[in-house]
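Q:
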Amino acid sequence: MASEAAPEGAPAKRANGPALTPQQVVLAADEPLRLDSGATLGPITVAYTTQGRLNADKSNAILICHALTGDQFVSGPHPTTGKPGWWDTMIGPGRPLDPERYFLICSNILGGCLGTTGPKDINPATGKPWGLDFPVITVGDMVNVQRLLVDHLGIGQLFCVIGGSMGGMQVLDWAVRYPERVFCAMPIASAARTSAQNIAHHEVGRQAVMADPDWCGGRYLEQGKRPHRGLAVARMGAHITYLSESALTRKFGRSLQAREQVTYGFDADFQVESYLRHQGITFVDRFDANSYLYITRATDYFDLAQEHGGVLSRAFRNTPVRFGVVSFTSDWMFPTLESRDLVKALNAVGANVAFVEVETDQGHDSFLMDIPDYHRIVHGFLEGAADHRGLKKP
Amino acid sequence: MTGISSDKPAPLIGRTESGSGRIRVDLQLIADLVPAGSRVLDVGCGDGSLLHYLTKYKGVDARGIEISRDRVAACLNQGLSVIQGDAEMDLADYPDDAFDCVVLSQTLQAVHDPKWMLEQLLRIGGLAVVSITNAGYWKNRVTFMVEGREPFAVHRDETWYDTAYIHPCTIRDFVDLANEMDTRIERCFALNPRGAYREINPRSHWANLTAVQAVFLLS
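First to last, the sequence lines map onto chains A and B.
Just so you know, our numbering puts 1310 at position 54 of the first sequence, and the rest follows in order with no gaps.
Just so you know, our numbering puts 315 at position 186 of the second sequence, and the rest follows in order with no gaps.
(1) What is the DSSP secondary structure of Phe1329(A), reduced to helix, strand or coil?
(2) Please classify Met1442(A): does DSSP put it in a helix, a strand, or coil?
(3) Give me the Cα-Cα distance between His1620(A) and Val1395(A), rounded to the nearest whole angstrom.
(4) Determine the direct distance from the alpha carbon of Glu195(B) to that of Ser134(B), and round the result to whole angstroms.
(5) With distance defined between alpha-carbon atoms, name the residue in Phe318(B), Ile314(B), Gln235(B), Asp161(B) nearest to Gly251(B).
(6) If we count Cβ pairs, one from each stretch, closer than 8 angstroms, do we get three or more for the region 1457-1469 of chain A versus the region 1357-1365 of chain A?
(7) When the Cα atoms are used, what is the spatial distance from Pro1299(A) to Leu1283(A)?
(8) What residues of chain B sit near Ile1418(A), judged by a beta carbon separation below 9 angstroms?
(9) What's the call for Asp1313(A), buried or exposed, on a 16-neighbour Cβ count within 10 Å?
(10) For Gln207(B), decide whether its Cβ has a neighbour in chain A, counting only Cβ atoms nearer than 9 angstroms.
(11) Say whether chain A places a C-beta atom closer than 9 angstroms to the C-beta of Gly214(B).
(12) If I measure Cβ to Cβ from Gly1332(A) and keep anything under 6 angstroms in the same chain, skipping five residues before and after, which residues do I get?
(13) Could you tell me which residues DSSP puts in a beta bridge with Asp171(B)?
(14) Could you compute how far the alpha carbon of Asp1617(A) sits from the alpha carbon of Ser1502(A)?
(15) Let's see if you can read the secondary structure: which residues bound the alpha helix (DSSP H) around Arg316(B)?
(16) Check the C-beta distance from Leu1532(A) over to Met1492(A) and give it rounded, since I have them as a contact under 8 angstroms.
(17) Looking only at C-alpha atoms, which of Arg1433(A), Arg1515(A), Pro1628(A) sits nearest to Asp1576(A)?
(18) Which of the three DSSP states is assigned to Glu276(B) in this structure?
(19) Say whether chain A places a C-beta atom closer than 9 angstroms to the C-beta of Asp286(B).
(20) Considering only their Cβ atoms, is the gap separating Asn1603(A) from Val1609(A) smaller than 9 angstroms?
(21) Report the neighbours of Ala202(B) on chain A: residues whose CB is nearer than 9 angstroms to its CB, in chain order.
(22) With DSSP as the reference, label Gly1367(A) as helix, strand or coil.
(23) Tell me which residue opens and which closes the beta strand (DSSP E) that Asp1608(A) is part of.
(24) Taking the beta carbon of Arg332(B) as the centre, do at least 16 other beta carbons fall within 10 Å, making it buried, or is it exposed?
(25) Hey, how far is the Cα of Val154(B) from the Cα of Arg323(B)?
(26) Does DSSP classify Thr107(B) as helix, strand or coil?
(27) Measuring alpha carbon to alpha carbon, tell me which of Asp215(B), Arg278(B), Ala340(B), Asp229(B) ends up nearest Lys1600(A).
(28) When the cut-off is 9 angstroms and only beta carbons count, does Val189(B) lie next to chain A?
(29) Taking contact to mean 3 or more Cβ pairs, one atom from each stretch, closer than 8 angstroms, check whether the region 1404-1420 of chain A and the region 1384-1391 of chain A are in contact.
(30) Could you check the C-alpha separation between Ala1447(A) and Asp1587(A) for me, to the nearest Å?
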């Protein structure tokens, strides 16, 4: 979920923030982590970044949860692509996530492919890459690994857990699983369960990967191959869901790509085709195909109501967490209706919740964009919560 | 206009006063009626000035619903817990007795089903504070009798066809509805055109003639 890449055609942007220092820690070494599937996993390497300073009473930590294909390099130039981090515009002095005020943590999710244990890593039992022997994981498992990291950093209660899309699911899972360890939660462009439509989109993506002969039944790393074509097609399909019809029309319309007329062939005649191909090709260089399978699957399984007899509000009973829910008008992947369902469930148990729908035509990817209204809302919610938490201004 | 918004005309009385701790006089009256330290829902909370006041000066756990996106954003910027939504639909989702007190300021006459709205307020909160604009105010009567024009809109500098106040009512009309619903009027205040208010007998014909607004505390 979410492209986390600057749209093509936009001038190559320079990162606003400084480059982040990659950090790694090995967790669950003594006692392996029990996964939702019943399997156990450990030790687990967690790759993360931090910004700002933890204050004396450790009350200013914000955990940022990244989306499907995001990573821990939230701001500053990305170490592999050189492009600004996915939330570069959200982070910085005077911005909503201000490292001079907060201690910002972001870790690569479990099953990811940028330093945290995932299917491309070596299975200690076999000495070969995990591939499909990697256990199937859930959003809750990702959260449990983040919790191990937060423990490791010596933080009892996070001031805020924030994230968009699948990151928002982690936010909600945190609030349900560890309510006493989250002061406020900000799920953005997200939902308390994955819709049938999104499961369907994921399945198309997975089938595209698995249909690539270079996928080799998931053992491509051992064979020295990469299912680039399949993964690129998966990305192209997914990328459409991150945008909106009006944004595509505004950006591309029916404009042709560097030609006067159609070629009566299957080249990328249209700019929109060229754009999607570019999205696909650039994605495969930085992402592992099996990670894509595992993470989309984890998202499919996400349903906070399931453990509570299908009644979402029960998941939040007596929650002390302050919620700030944000949706976007043109997001058809996580439409406002799903955020409203969440808000209704929170209201039903008298939870402290603020909700606003931001008007924009940029679709689901709006949560990555520098939209002034949106940033003001995030800033306002955090400032209000900080006030309640008694966080002093720097 | 559909739904509840503070996109409503300025009240007939009252001044917006800037400066610390000063709010519009009708909001001040409402704030005085809200029990300190209680849980309050402000329906159609606008830019959050009442919520802000209640939070800061009365130790209230204050929440709001507001239909206008910009106003919700303004509320969030003050750190208020406000939901963007249409109270005419969303109130149905709140559980019984979720709040100690529910506030509906200058909005009842703008909703499609005022009776349903009152029922919801009293279902959700043990107390309700409701303010109305009084259609029985003597100037309205004169406008109707002498000029032969629909007075409610005229005195608001609006036209009858685009006014948000689709259900004009007088203090007596409101009292009748409260009786019909077996709702107890705990207290009732009348505001005069100069912004002064006094507690009244809700059955008072004189108040129904001289008040431009009324504020009711219902239970």
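The C-beta atom is built at its ideal place from N, Cα and C for all residues, glycine as well.
A: The relevant details are as follows:
(1) coil
(2) strand
(3) Distance from the CA of His1620(A) to the CA of Val1395(A), rounded to the nearest whole angstrom, comes to 19 angstroms.
(4) For Ser134(B), the predicted structure reports a pLDDT of 42, less than 50, and the residue's modelled location is therefore unreliable. The matter cannot be settled from this model.
(5) Checking the sequence, you will find Leu at residue 251(B) rather than Gly. For the residues Phe318(B), Ile314(B), Gln235(B), Asp161(B), the minimum Cα distance to Leu251(B) belongs to Ile314(B).
(6) When C-beta atoms of the region 1457-1469 of chain A are compared with those of the region 1357-1365 of chain A, fewer than three pairs fall below 8 angstroms, so the two segments do not count as touching.
(7) 6 angstroms
(8) The contacting residues do not exist; Ile1418(A) stays about 14 angstroms from chain B at best.
(9) exposed
(10) Using a Cβ-Cβ cut-off of 9 angstroms, Gln207(B) counts as an interface residue toward chain A, since at least one Cβ of chain A sits closer than that to its own.
(11) Contact with chain A is found for Gly214(B), since one of that chain's Cβ atoms lies less than 9 angstroms from the residue's Cβ.
(12) For Gly1332(A), where only same-chain residues beyond five positions count, the Cβ hits under 6 angstroms are Ala1271, Gly1273, Pro1274, Ala1275, Leu1276, Gly1341.
(13) Gly193(B), Val232(B)
(14) 6 angstroms
(15) From DSSP, Arg316(B) is part of no alpha helix (DSSP H) but of the beta strand (DSSP E) over 314-320.
(16) 4 angstroms between Cβ atoms; contact.
(17) Before going further, note that residue 1576(A) is Pro rather than Asp in the sequence given. It is Arg1433(A) whose Cα lies nearest to the Cα of Pro1576(A).
(18) helix
(19) Closer than 9 angstroms to the CB of Asp286(B) there is not a single CB belonging to chain A.
(20) Going by C-beta atoms, Val1609(A) is nearer than 9 angstroms to Asn1603(A).
(21) Val1612, Val1614, Asp1629, Arg1632, Ile1633, Gly1636
(22) coil
(23) With the sequence shown as reference, residue 1608(A) is identified as Asn, and Asp is not the correct amino acid for it. Its beta strand (DSSP E) spans residues 1608-1614.
(24) exposed
(25) 10 angstroms
(26) Residue 107(B) is absent from the structure shown; chain B starts at 130 and stops at 348.
(27) Asp215(B)
(28) no
(29) no
(30) When only Cα atoms are considered, Ala1447(A) and Asp1587(A) end up about 12 angstroms apart.
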